[in-house]
Amino acid sequence: MRTKNAVMPFITCVMAVLILSLAQAWAGTDMREITPPACDKCCSDKDWTIELGSGALFSNVRRGPPNKGYTMIPINLTASLKLDDVGLDNFMGGWLRGYSEFYFNAGYFQITSGPENHYEGLMVGPRYNFVQPGWKIIPFISGGVGCGFADSNPKQGGLGQDFNFSFETSAGFKYLISDEWYTRLAVEYKHISNAGMSEPTNPNNAIDALGPQLTVGYAF
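Sequential numbering from -19 applies to the sequence shown in the numbering used here.
Below is the structure:
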């Protein structure tokens, strides 16, 4: 009797799902009509977002001579432009459903541990957001390139010169608080170096840092 009691609700649920699926197919319902308003508005109708955030970056990727251990506290201001709308295709079973952005970032990094004291730079790059109907949590991946300036200190094993290049990659998710407001949590990897331009006078001791980032954003 226990087995029968457990199987019957399962069969009932399966039949209900099949009936609803057949009814939707018969009516020719467009998925865009059943996408929750929150996802439509935040992911499709608003072209720009602006974010302010901070976190911590630790140079535990390539630590050890000649590379120094760094701890950096960033303050980031980021603007993003949506490049396309959320696709409704079934490629890869719909797991790649989403939209892309291009972001512009200005950052100040206070170096609390390391030969230098600060780094300021600009960064640009693409971001892709994975969107599923009804989800308020949107996973993403991004990558960017840029340049900036630091108060270099090569005698202490730091960066070889003030002007440096950088690139970064990050992954995480953003949570939709409302149609306009959201928060983003990410893990970011950042590389800073001068591409060997200071050599042979000063060695090029790059920074390779990894750490969490938390931002608050507004879509408009």
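Every residue, glycine too, gets a C-beta built ideally from N, C-alpha and C.
This structure is a prediction, so every number in the text was calculated from the model and none was measured.
Integer-rounded CB distance, given that residue j should sit under 8 Å from residue i
i: Asn182; j: Gln141; result: 6 Å
i: Ile187; j: Ser60; result: Not a contact, Cβ separation roughly 25 Å.
Own chain, CB closer than 8 Å to residue i, minus 5 neighbours either side, in chain order
i: Ile157; result: Thr163
i: Asp64; result: Tyr79, Ser80
i: Gln193; result: Gly33, Ser34, Gly35, Pro54, Asn56, Ser150, Gly152, Arg164, Leu165, Ala166, Val167, Glu168
i: Phe110; result: Trp75, Leu76, Arg77, Gly78, Ile118, Pro119, Phe120
Sub-9 Å separation of residue i and residue j beta-carbons
i: Phe120; j: Lys170; result: no
i: Phe89; j: Gly105; result: no
i: Gly191; j: Leu37; result: yes
i: Glu160; j: Ala199; result: yes
i: Gly138; j: Ala130; result: yes
i: Tyr108; j: Met52; result: no
Contacting residues, own chain, Cβ-Cβ under 6 Å from residue i (five flanking each side not counted)
i: Gly94; result: Lys48, Tyr50
i: Gln136; result: Pro95
i: Gln112; result: none
i: Asp27; result: Lys62
i: Pro249; result: Only positions -19 to 200 of the chain appear in this structure, which leaves residue 249 out of reach.
i: Ile172; result: Asn144, Ser146, Ile187
i: Thr195; result: Glu31, Gly33, Arg164
i: Asn174; result: Gly140, Gln141, Asn144, Asn184
i: Phe84; result: Ala59, Val104
Burial state of residue i (16 or more Cβ within 10 Å)
i: Thr29; result: buried
i: Pro54; result: buried
i: Ala151; result: exposed
i: His128; result: For the record, residue 128 in the displayed sequence is Gly; it is not His. By the 10 Å Cβ count, Gly128 comes out buried.
i: Arg12; result: Note on Arg12: pLDDT 40, under 50, position unreliable in the model; no value is reported.
i: Gly92; result: Per the sequence presented here, residue 92 reads as Thr, with Gly not at that position. Exposed: under 16 other Cβ atoms inside 10 Å.
i: Gly176; result: exposed
i: Glu179; result: exposed
i: Ala5; result: Unreliable positioning characterises Ala5 in this predicted model, as indicated by a pLDDT of 41, which lies under 50. The coordinate reading is nonetheless provided below. Answer is exposed; the Cβ neighbour count stays below 16.
i: Ala7; result: For Ala7, the pLDDT reaches just 42, beneath the cut-off of 50, and the residue's location in the model is therefore unreliable, although a value from the coordinates is still provided. Burial call: exposed.
Sequence-distant residues of the same chain with beta carbon closer than 7 Å to residue i, five excluded per side
i: Ala86; result: Leu57, Leu102
i: Gly126; result: Gly101, Leu102, Met103, Val104, Ser146
i: Gly74; result: none
i: Ser201; result: Only positions -19 to 200 of the chain appear in this structure, which leaves residue 201 out of reach.
Min CB distance residue i to chain C below 9 Å
i: Gly197; result: Among the protein chains of the structure shown there is no chain C, as only one such chain exists.
Requested in this report: Jot down the residue ranges of each uninterrupted beta strand (DSSP E) in the stretch 60 to 136, minimum 3 residues, whole runs only, in chain order.
Outcome: 78 to 93, 98 to 110, 117 to 130
Requested in this report: Give, in chain order, every unbroken run of the alpha helix (DSSP H) that is at least 4 residues long and sits entirely within the stretch 142 to 177.
Outcome: none
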